[in-house]
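Note that the protein sequences, when read in sequence, are chains A, B, C and D. For the first sequence, the residue numbers in this note's numbering are 39 to 337. For the second sequence, the residue numbers in this note's numbering are 39 to 337. For the third sequence, the residue numbers in this note's numbering are 815 to 1085. For the fourth sequence, the residue numbers in this note's numbering are 815 to 1085. All C-beta atoms in this analysis are idealised placements derived from N, C-alpha and C, irrespective of residue type, glycine included. Since the model is a prediction, treat every value here as computed from it, not as a measurement. Step one of this worksheet: look at the structure below.
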Amino acid sequence: MSRFAFFLGEAYRALRRNAAPSIAAVVTIAVTVLLVGVLVPVLDASGSKTNDVRNQLELKVFLFNDASKGEINSLQNRIEGIQHVESVEYVSPAQALKILEQRLEDKSLLNELNSNPLPPAFNVKLDDPDNLESVQAALSPPDSTGKPQPISSAIDDIVTGEQTQAIRSVTGAVKIMLLAIAVLLGIASLFLIGNTIRLSIYARRREVEVMQLVGATNWFIRWPFVIEGIVVGMLGAGIAVGIMVVAKAIIVDPLSDDLTLIDNFNTIAFGPLIASLVIGAMALSALGSGVTLRRFLRI
Amino acid sequence: MSRFAFFLGEAYRALRRNAAPSIAAVVTIAVTVLLVGVLVPVLDASGSKTNDVRNQLELKVFLFNDASKGEINSLQNRIEGIQHVESVEYVSPAQALKILEQRLEDKSLLNELNSNPLPPAFNVKLDDPDNLESVQAALSPPDSTGKPQPISSAIDDIVTGEQTQAIRSVTGAVKIMLLAIAVLLGIASLFLIGNTIRLSIYARRREVEVMQLVGATNWFIRWPFVIEGIVVGMLGAGIAVGIMVVAKAIIVDPLSDDLTLIDNFNTIAFGPLIASLVIGAMALSALGSGVTLRRFLRI
Amino acid sequence: MEESHAHTRPSRPPIVELNDVTVVYPGGHVGLERVSMKIDRGEFIFLVGPTGCGKSTFIKLLLRDLEPASGSVMVAGKDINEMERSKVPMLRRRIGTVFQDFKLLPNRTVYDNVAYALQVTGTPRAEIKRQVPEILRMVGLGAKIHNYPDELSGGEQQRVSVARAFVSHPPLLLADEPTGNLDPETSIGIMQLLYRINRTGTTVVVVTHDREMVDKMRRRVVQLYDGRVIRDQSAGLYTTDESTEEFGVRVSNELGVDFGDHDGDDIGAAL
Amino acid sequence: MEESHAHTRPSRPPIVELNDVTVVYPGGHVGLERVSMKIDRGEFIFLVGPTGCGKSTFIKLLLRDLEPASGSVMVAGKDINEMERSKVPMLRRRIGTVFQDFKLLPNRTVYDNVAYALQVTGTPRAEIKRQVPEILRMVGLGAKIHNYPDELSGGEQQRVSVARAFVSHPPLLLADEPTGNLDPETSIGIMQLLYRINRTGTTVVVVTHDREMVDKMRRRVVQLYDGRVIRDQSAGLYTTDESTEEFGVRVSNELGVDFGDHDGDDIGAAL
Ligand SMILES: Nc1ncnc2c1ncn2[C@@H]1O[C@H](COP(=O)(O)OP(=O)(O)OP(=O)(O)O)[C@@H](O)[C@H]1O
Ligand SMILES: Nc1ncnc2c1ncn2[C@@H]1O[C@H](COP(=O)(O)OP(=O)(O)OP(=O)(O)O)[C@@H](O)[C@H]1O
Ligand SMILES: [Mg+2]
Ligand SMILES: [Mg+2]
Chain A
39 MSRFAFFLGE AYRALRRNAA PSIAAVVTIA VTVLLVGVLV PVLDASGSKT
89 NDVRNQLELK VFLFNDASKG EINSLQNRIE GIQHVESVEY VSPAQALKIL
139 EQRLEDKSLL NELNSNPLPP AFNVKLDDPD NLESVQAALS PPDSTGKPQP
189 ISSAIDDIVT GEQTQAIRSV TGAVKIMLLA IAVLLGIASL FLIGNTIRLS
239 IYARRREVEV MQLVGATNWF IRWPFVIEGI VVGMLGAGIA VGIMVVAKAI
289 IVDPLSDDLT LIDNFNTIAF GPLIASLVIG AMALSALGSG VTLRRFLRI
Chain B
39 MSRFAFFLGE AYRALRRNAA PSIAAVVTIA VTVLLVGVLV PVLDASGSKT
89 NDVRNQLELK VFLFNDASKG EINSLQNRIE GIQHVESVEY VSPAQALKIL
139 EQRLEDKSLL NELNSNPLPP AFNVKLDDPD NLESVQAALS PPDSTGKPQP
189 ISSAIDDIVT GEQTQAIRSV TGAVKIMLLA IAVLLGIASL FLIGNTIRLS
239 IYARRREVEV MQLVGATNWF IRWPFVIEGI VVGMLGAGIA VGIMVVAKAI
289 IVDPLSDDLT LIDNFNTIAF GPLIASLVIG AMALSALGSG VTLRRFLRI
Chain C
815 MEESHAHTRP SRPPIVELND VTVVYPGGHV GLERVSMKID RGEFIFLVGP
865 TGCGKSTFIK LLLRDLEPAS GSVMVAGKDI NEMERSKVPM LRRRIGTVFQ
915 DFKLLPNRTV YDNVAYALQV TGTPRAEIKR QVPEILRMVG LGAKIHNYPD
965 ELSGGEQQRV SVARAFVSHP PLLLADEPTG NLDPETSIGI MQLLYRINRT
1015 GTTVVVVTHD REMVDKMRRR VVQLYDGRVI RDQSAGLYTT DESTEEFGVR
1065 VSNELGVDFG DHDGDDIGAA L
Chain D
815 MEESHAHTRP SRPPIVELND VTVVYPGGHV GLERVSMKID RGEFIFLVGP
865 TGCGKSTFIK LLLRDLEPAS GSVMVAGKDI NEMERSKVPM LRRRIGTVFQ
915 DFKLLPNRTV YDNVAYALQV TGTPRAEIKR QVPEILRMVG LGAKIHNYPD
965 ELSGGEQQRV SVARAFVSHP PLLLADEPTG NLDPETSIGI MQLLYRINRT
1015 GTTVVVVTHD REMVDKMRRR VVQLYDGRVI RDQSAGLYTT DESTEEFGVR
1065 VSNELGVDFG DHDGDDIGAA L
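Written out as structure tokens, the structure reads:
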């Protein structure tokens, strides 16, 4: 207990007497945490936006106008049974007309129609757009000659959105890129914080040598550095979090009322994000101190 | 000349004898440059994508079916004369039907029509979506009672896309956010690189004191540090650029054939980007060395 | 390595024993060459020799700050180079050292520098608070207790190093030129202190260039030259002039040690 | 501040002149108190006094490493504290200094450390190549030319510092305990070197605790005590015993200076 107090005191002394490197370490950690803290929600929001787009991809199964209720019901059950199908929604010709009406700017167009020309259809949602082909194959497996045949005679046509392919690959690439950036950011933080801690200890390596010569054990020397690392990490992360909270209150919150993209920010909870940033910075900084010291301790 | 050789030699000696802090500085610079080098094209691509979306926003002016050719021509000229209007495109009923046909999945719908129900229209493109209101006001200025009246009797209706407002504010927010991230990234790089350079010089402040006591002028002490800074900056940026070039060749280029988003990467020229990164890192690192030293030189 | 008294009990191993030790520095320079030497508990030894002859190398060796290329270094009967790394701090705590370049901790006050030697052993705070000011008063630094090393004169720093070396009452005290930066009066004070400490049973090894002091004290003198022991004489002088050489011979004869014996495993003289 | 000869021309200002100088350290400690002193060109002075009396403070003052709280420090007739900051390096180049703690550059070899004092003045490479090894041989370090400071013994480091101080043949040489880590023989060698340098016209100020040396050389001795000059005696001894005090009185009478004069603006004695 008194030993812990001693180590705390030592850490405090180091922070006070080595203000320059300590401040540098705090600033580096603050800047890095700020970068991570801003980019992670942005990456996350972009990621969920991308997923939204991907999830809108669907398969349309057009039926013949004369399909009976029974046929439609049994077909719906069969489609729902196919692997990777998330949901199947029946769209009657009347519903289809309404949807079309909403999409057209000039409503008068549809008043001119003598009859509803639209066929009934199923909107088939998939669990992942990458499974499009497999579901399509399940809906119309190839017959003996190799030509695909719909599984039911009620099916007129199976259509995928024109841009499905393109959207699929674009969003896929975006997701990879987002992941790559996130990973890069993580590695960068490790390096940046680790490096700063290393440098600030490097400036004190002679001191460590003397401590060893006077009979201090490695852990006796190391604890104050670790505690110092925790404090530095906490201060740095604290500053960054302070800036983030203020920025959120001033910039993001007023905008988020009418903006869907920024609304997505709330998919990542602010509290846990901050908590993990602070804990991460502290752990990294403490670990960095402890590990770096290892080299100077010549263990 | 021989003095320059001396300074070079000094810088080399410092790099060799103080390997630990020099390596730390190189790593920090490499990581920072890599972050900037990856994020800047991403931000830029996102920005230009956003601009694409914004530029698609347009105003539709529907005309009465009985508008004469003369009326149409003179109206087109008048609209083109309005401030902030970039271009005016006339869409005849036949053309409108073709466009509609392309947008509908089931072409049979249109075959059912006895006549073309679509009116002639103008697509009005704006220089910036933020000027929507002013153009709209110019097209139908308020009359004496305050009710907007179209500038021509040929005009049936003036319509903005349903989501124009939403898209406009979302894209606006995205642009602000991208800018904020870019600025944050810039400031972060300054701090990160500056801090590391500071720390690595801090470790050598005693040396600087001795040099001063032996009669070295401030610039005599400073030049080797500045040269060292340049070399460190060059090495760091060089490593980052190396990684980027490899990553581009392995990851980005194979994808960019079919991906429009990644195609956008080429809007930012890879050469100039690299050049500015390297020069920036070198300048920052050299400046950081020079400025930091100032403090230890007690000038 | 318990505290022993000036009266040496023959049953216990000598506190320091070097057997044919050679130290080679990384560049290839030979720091010590085939040095064999024994130091008994409670002895007071002067280590002398020209600059660069290996005196500080000897001190580093005993602290296991250096490892010998060959030979063995025994402290209290144990080969310290066979010791586990984790035991080295225990060894160093039992050896008080005045370093030639002081090796003070720059970010600690005088008080904290001295206290550190007690803190590493887990001495209670109250004990530290009692002992440190006392020992600082003994070396004449009572007024500088809260200064930092860079606010001290050379001689003051040296005395902080001296105070730190024996605040923990180690059974072995190594002092590498403890008076090099001190005026003659203060030097005498420090030497008297070392002498008093020796009287309480502590083994003391003093490296010095202070001819006057060595000549006055007439204790065992080990002289190095170019890494080799060229003289090991009880009650010796700093340098052997004609008369002291004779004195050395007489002493060594009295102790029954052969004059030419370089591996002398007694404290006898070897020129 | 051109080179002058041992024979002092009265028309030129003294090389060092302190007028009523008081130095107060940040903590409030008075490093020097109302010190007035003149050093003429070509003199050889010993600065003695107990540890912590202000000798190193005096040296720092002349290098403008410290600024006095009051009084003026003149070097070659110019008040160095009125000097622009940018001129300070020029001042320091003309003063060779052996620092008490050596102040070697740790990342430079012995050669480069000594060469640095020439490089700052823009000396051509060929000249450096000729002079540096020569001066290192003079201080007995010919064999250690390519070692780094942490590979040297204390005495060797001290001699590097000595070599660096006079490699540029400065008109004023300040040596702060230049032999503190050296054995008597090497010390004598270094002192002889300083003496020879003095004979070529260089003014030499030596801080030392080496009583024997001071007593043997019989040059001017300035004694400090607690920041004040308590003795300034030509051809003095390290300490004033009865006889030397008389000697001092005789000398000061010869020079016509009042015995109690503390502001003595001549090199006369003041006890
Ligand atoms: N790290 C090292 N690398 C190479 N040579 C070294 C190293 N340390 C010391 N030496 C050399 O070993 C020799 C003995 O050094 P040591 O420090 O033991 O001398 P010393 O007797 O203490 O001298 P001094 O009285 O000057 O302090 C010296 O010649 C020195 O140059
Ligand atoms: N930076 C400082 N801050 C406060 N006090 C100082 C500082 N530097 C020196 N002193 C004090 O000023 C006094 C004179 O110091 P100085 O270094 O001049 O002594 P010295 O005569 O050289 O002694 P020594 O022979 O031990 O080297 C000492 O008591 C010292 O504690
Ligand atoms: Mg030594
Ligand atoms: Mg001093």
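Interface partners of residue i on chain D, CB under 8 Å
i, result
"N995 (chain C)", "T865, Q914, E991, G994 and H1023"
"A83 (chain B)", "Those within 8 Å of A83 (chain B) in chain D number zero; the least Cβ separation is about 46 Å."
Contact with chain A by residue i, beta-carbon distance below 7 Å
i, result
"L113 (chain B)", "no"
"R973 (chain C)", "no"
Closer than 6 Å: residue i CB and nearest ligand 2 heavy atom
i, result
"H983 (chain C)", "no"
"Y839 (chain D)", "yes"
Cβ of residue i within 7 Å of any chain B Cβ
i, result
"K892 (chain D)", "no"
"T66 (chain A)", "yes"
"P59 (chain A)", "yes"
Residue i, DSSP secondary structure in three states
i, result
"R1013 (chain D)", "helix"
"A307 (chain B)", "coil"
"D1046 (chain D)", "strand"
"T1053 (chain C)", "coil"
"L273 (chain A)", "helix"
"Y962 (chain C)", "coil"
"A319 (chain B)", "helix"
Ligand 3 heavy atom lying under 6 Å from the CB of residue i
i, result
"Q914 (chain C)", "yes"
"K869 (chain C)", "yes"
Distance cut-off 6 Å: residue i Cβ against heavy atoms of ligand 1
i, result
"Y50 (chain B)", "no"
"S975 (chain D)", "no"
"G856 (chain C)", "no"
"G994 (chain C)", "no"
"T923 (chain D)", "no"
"T836 (chain D)", "no"
Partner residues on chain D for residue i, Cβ-Cβ distance less than 9 Å
i, result
"S323 (chain B)", "Under the 9 Å cutoff, chain D gives no residues; its nearest Cβ is about 20 Å from S323 (chain B)."
"E965 (chain C)", "Y839, P840, G841 and H843"
"F44 (chain B)", "Q933 and R939"
Cβ of residue i within 7 Å of any chain D Cβ
i, result
"E48 (chain B)", "no"
"T1054 (chain C)", "no"
Any non-hydrogen atom of ligand 4 within 6 Å of residue i CB
i, result
"S1001 (chain C)", "no"
"G968 (chain C)", "yes"
Neighbour flag for residue i against chain C, beta carbons, 7 Å
i, result
"E1087 (chain D)", "Only positions 815 to 1085 of chain D appear in the structure, and residue 1087 (chain D) is not among them; the question remains open."
"P998 (chain D)", "yes"
Partners in chain A for residue i, counting only beta-carbon separations shorter than 9 Å
i, result
"N921 (chain C)", "R51, A52, R54, R55, N56, R242 and E245"
Partner residues on chain B for residue i, Cβ-Cβ distance less than 9 Å
i, result
"K917 (chain D)", "R244, E247, V248, L251 and V252"
Chain A residues whose Cβ lies nearer than 7 Å to that of residue i
i, result
"V934 (chain C)", "V252, G253, A254 and F258"
"R907 (chain C)", "G253"
Residue i: contacting residues in chain E (beta-carbon distance under 7 Å)
i, result
"P903 (chain C)", "No chain E appears in the structure shown, which is made up of the protein chains A, B, C and D."
Where residue i meets chain B, residues with beta-carbon distance less than 7 Å
i, result
"L101 (chain A)", "Here the premise fails: no neighbours, minimum Cβ distance about 12 Å."
Partner residues on chain A for residue i, Cβ-Cβ distance less than 8 Å
i, result
"Y930 (chain C)", "M249, V252 and A254"
"L222 (chain B)", "L72, L73 and V76"
* Identify each residue in the stretch 230 to 242 of chain A for which the Cβ-Cβ distance to at least one residue of chain B is less than 8 Å, and report them in chain order. => Of all residues in the stretch 230 to 242 of chain A, only L230, N233, T234, R236, L237, S238, Y240 and A241 come within less than 8 Å of chain B when Cβ atoms are compared, listed by chain position.
* **Interface positions of the stretch 251 to 269 of chain B facing chain D (Cβ-Cβ less than 7 Å), listed along the chain** => Listed by position, the residues of the stretch 251 to 269 of chain B near chain D (Cβ gap below 7 Å) are L251, V252, G253, A254, T255 and F258.
* Could you name the residues of the stretch 872 to 888 of chain D whose beta carbon sits closer than 7 Å to any beta carbon of chain B, in the order they occur along the chain? => Within the stretch 872 to 888 of chain D, the qualifying residues are L877 and D879.
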